[in-house]
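J.: Starting off with a structure, shown below.
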Amino acid sequence: MTAVHRTVDAVWKLESARIIAGLTRLVHDVGLAEEFAQDALVAALEQWPVAGVPDKPGAWLTTIAKRRAIDHIRRSQLLDRKREELARDLDEQPDREPDDVLRLMFISCHPVLPTPARVALTLRLIGGLTAAEIGRAFLTTEARITQRIAAAKQTLAEQRIPFEIPAGSELTARLSAVLEVLYLIFNEGYAASAGADLIRADLCLEALRLGRQLAELAPDEPEVHGLVALMEIQASRSATRTGPDGEPVQLHEQNRARWDQLLIRRGFTAMLRARDLGRPPGPYVLQAAIAVCHAQARTAEDTDWAQIAALYDALARLLPTPVVKLNRAVAVGMAAGPRAGLDLVDELLSDPALQNYHLLPGVRGDLLARLDRPAEARREFERAAALTANAAERDFLLRRAARLPGSAPAQPTLGQAAAEFLSRDDLDAQTLRSYAQTLRQLSRTLGESLPLAELTPDRLAQTFTLAWDEAAARTWNRHRSAVRSFSAFAGLPDLARTLDRRTETPSHRRALDLAALWARDLPLRERTLWRLLAESAAGPRRVLALNVEDLELDERRAWTGRAWLGWRSQTAALLPDLLAGRERGPVFLADRRRGPGRPPAAADVCPHTGRTRLSYERAEYLFKQATGHTLRDLRDS
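See the structure below:
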């Protein structure tokens, strides 16, 4: 990535929420607003490397995005009543609506959306996080987050949600989701889930700014003040959380004289406001009370761990999530000794939500080191390093592992045996991919440095069940077969002997009703794609790879590089409208341009619109949403 591209990326993360919020106020559609902002981003990627970065890059992006909005409104014949307002908004002075981002947050958290979609959409629009970063924050997949965001935007557009801050009882009802979003934005800034840096100060500052605004908007809500107190006190340590080279510095090793006393006083003030309201403490007030305990201790040795453990007990009763229980185990380990903490951590090893959470082995490694069990601690730190996506944290964990005394792990290890097993030349490509999926998951969960001698059937069964207990019988049996093959190769007893083979029942899916499908009011792109798949009987990827210049419309066929693909009258009637005069580029286009993180290949970009080729994953998702079937079911109908 060039220096200019890094600048564009940094400016985007800082300014995107404000730009999208201002555009939403103009066009009243979150999806359209983000599209216009993305248009400005693409323009910056094209122009800044040639013309240089402007003096006011945020204002430049805002101006370009608003010009796109004007063009849209003009095409929609709405310019007359908007002319004077839009002319004023084109001025590069900052927007006169300081609460636009807050309005955007309440739209993103509207009750018409399910809670997971509210949080994901707000993190995307307000925090500027990628779907992968949001997925890690929620301990779920990037694909699932992408689906939530797309569905949320569509719902908001269909419901025509007003761009306003709620009032009265509606404000109170919607605060919970807003607070959760602010909390996650701050956490992503305070301890970045991915990238080279541990801290993303821009996200911390944005979360604090919005939290302070929210506290003024809802002065009678103790949880708002509790969250503000928590963020203020946590942010006070930012300067001491990393060393000279960006490496993490643990809490007990930080120079407390460098903690920001102004932020601490602000945090104490917010905590007093929460307590003065006289209501039972909620999750954020309890977490703020824990932060206050740390801030009041002059040295690490003065920390009142018994009080912190008691606060975590109360928090776990109120919010019994796996992460809260893990934090409680840390506090108990400090208050009552590492053995008590380890017992609590070991109870969480069977929790699926923590299966790939790097802090679980990280905490366990710390407790094992304090119990003078260095070999086990080293393996846990190495496993935690393999699970984290943050480079600074990974290096820190590996250094902790390397500093532990003792000899190298016994040979052979799980990682070495798995690598040898997968390097065989007698496996076909499909079998190799299947075996690799199984062994990668086992190595991530158990640790690559685990000696094979310690890999027992009971230990593997626990890990296996944790990973695939909810999987279909066919998937369960496939992974079980891979374990048996690996056991034989490594000269081990059958590690899968306690795992029963599951009965595979054939699925009886309802037939796809094509007549009912064609009778529906479908978008032009989907109708054309689905008709073409049904009439050509070609594979979805083959159809999605078609370019306009490959088509022979009069002959009702297209050349795919190795054979002709044909269609019938219904597709022939739809294609001209879909192409709309385009002469080159992909036939089927995505809804919007891609962002800078994933630059598309030149062949996948339409020269007329700048949009990219519709992906197979997106096409599959749209069809499943509409019918419950896969695109291959359509082809085979």
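Heads up: the sequence shown at position 19 corresponds to 17 in the numbering used here, and the numbers run straight through without jumps. Ideal placement from N, C-alpha and C gives every residue a C-beta, glycine not left out.
According to DSSP, simplified to helix, strand and coil, what is residue 253?
T.: Three-state result, residue 253: coil.
J.: Taking only three categories from DSSP, how would you classify residue 565?
T.: DSSP places residue 565 in coil when its eight states are reduced to three.
J.: Go to residue 639, then tell me how far its beta strand (DSSP E) extends in each direction, as first and last residue.
T.: Within the shown structure, residues of the chain are numbered from -1 to 635, placing residue 639 beyond reach of any answer.
J.: Between residue 367 and the rest of its own chain, which residues show a CB-CB distance below 7 Å, the 5 nearest in sequence each way excluded?
T.: The answer, listed in chain order, is 375 and 402.
J.: Who does residue 557 pair with in a DSSP beta bridge?
T.: Paired residues: 562.
J.: Within a Cβ cutoff of 6 Å, which residues of the same chain sit near residue 576, ignoring the five residues on either side of it in sequence?
T.: Correct list, in chain order: 522 and 526.
J.: Between residue 596 and residue 3, what straight-line distance do the alpha-carbon atoms span, to the nearest angstrom?
T.: Residue placement at residue 596 is poorly supported in this model, since its pLDDT is 49, which falls under 50; the coordinates are not used for a value here.
J.: May I ask which residues mark the beginning and end of the alpha helix (DSSP H) holding residue 11?
T.: Where residue 11 is concerned, the enclosing alpha helix (DSSP H) stretches over 1 to 25.
J.: CA-CA distance, residue 636 and residue 123?
T.: Beyond the ends of the chain as shown, which are -1 and 635, falls residue 636; an answer cannot be given.
J.: Measuring only the C-alpha atoms, how far is residue 419 from residue 456?
T.: Computed Cα separation, rounded: 22 Å.
J.: Excluding five sequence neighbours on each side, which residues of the same chain lie with their C-beta closer than 8 Å to the C-beta of residue 628?
T.: If we look at residue 628 and ignore the five residues flanking it on each side, its Cβ neighbours are 618, 621 and 622.
J.: Among all the DSSP beta bridges, which residues are the ones paired with residue 550?
T.: Answer by DSSP bridge pairing, in chain order: 555.
J.: State the DSSP-derived secondary structure class of residue 198, mapped to helix, strand or coil.
T.: Here residue 198 sits in coil by DSSP.
J.: Buried or exposed for residue 469, going by 16 or more other Cβ atoms inside 10 Å?
T.: Under this definition residue 469 is an exposed residue.
J.: Just confirm the distance between the C-beta atoms of residue 120 and residue 107, as a whole number of angstroms; I'd bet it's less than 8 Å.
T.: 6 Å between Cβ atoms; contact.
J.: In its own chain, which residues sit with a C-beta less than 6 Å from the C-beta of residue 252, not counting the 5 before and 5 after it?
T.: Hits under 6 Å: 238.
J.: Are the region 100 to 116 and the region 223 to 231 touching, with three or more C-beta to C-beta distances below 8 Å?
T.: Result no; under three Cβ-Cβ pairs closer than 8 Å.
J.: Under a Cβ-count criterion, where at least 16 other Cβ atoms within 10 Å of its own Cβ denotes burial, should residue 145 be classed as buried or exposed?
T.: With 16 or more Cβ atoms within 10 Å of its Cβ, residue 145 is classed as buried.
J.: Whole angstroms is fine: what's the gap from residue 35's alpha carbon to residue 209's?
T.: Their Cα atoms are separated by approximately 25 Å.
J.: My output table needs one value for residue 325: the three-state DSSP class, helix, strand or coil.
T.: DSSP places residue 325 in helix when its eight states are reduced to three.
J.: In whole angstroms, give me the CA-to-CA distance for residue 583 and residue 538.
T.: Roughly 18 Å between the two C-alpha positions.
J.: With distance defined between alpha-carbon atoms, name the residue in 353, 381 and 350 nearest to residue 363.
T.: Per the Cα distances, 381.
J.: Are residue 20 and residue 151 closer than 7 Å when you measure CB to CB?
T.: No.
J.: With DSSP as the reference, label residue 593 as helix, strand or coil.
T.: Summary for residue 593: the model assigns pLDDT 45, below 50, so the residue's position carries little reliability; its value from the coordinates is reported in the next sentence. If DSSP states are grouped into helix, strand and coil, residue 593 belongs with coil.
J.: Would a C-beta distance cut-off of 7 Å place residue 175 and residue 147 closer than the cut-off?
T.: Not closer than 7 Å, so no.
J.: I need the boundaries of the alpha helix (DSSP H) containing residue 184, first residue and last residue.
T.: From DSSP, the alpha helix (DSSP H) with residue 184 extends over 166 to 188.
J.: Give me whichever residues DSSP pairs with residue 545 in a beta bridge.
T.: Answer is 584.
J.: To the nearest angstrom, report how far apart residue 295 and residue 63 are at their CA atoms.
T.: Taking the straight line from one Cα to the other gives about 49 Å.
J.: Quick check on residue 475: does DSSP put it in helix, strand or coil?
T.: Helix, per DSSP.
J.: Pull up the CB-CB distance for residue 320 and residue 352, whole angstroms please, since I reckon it's below 8 Å.
T.: 5 Å between Cβ atoms; contact.
J.: Grouping DSSP H, G and I as helix and E and B as strand, with all else coil, what is residue 128?
T.: In the structure shown, residue 128 sits in coil (DSSP, three-state: anything other than H, G, I, E or B).
J.: Quick one: what's got a C-beta closer than 6 Å to residue 458's C-beta in the same chain, skipping five residues either side?
T.: 493, listed in sequence order.
J.: I need the DSSP call for residue 491, collapsed to helix, strand or coil.
T.: Three-state DSSP puts residue 491 in coil, outside helix and strand.
J.: Below 8 Å on the Cβ atoms is my guess for residue 453 versus residue 412; work out the distance and round it to an integer in Å.
T.: Rounded, the Cβ-Cβ distance is 6 Å, consistent with contact.
J.: Which whole-angstrom value describes the C-beta separation of residue 37 and residue 16, a residue pair presumed to lie in contact below a C-beta threshold of 8 Å?
T.: The pair is not a contact, with the Cβ atoms about 16 Å apart (cut-off 8 Å).
J.: Just how far apart, CA to CA, sit residue 286 and residue 370?
T.: Their Cα atoms are separated by approximately 33 Å.
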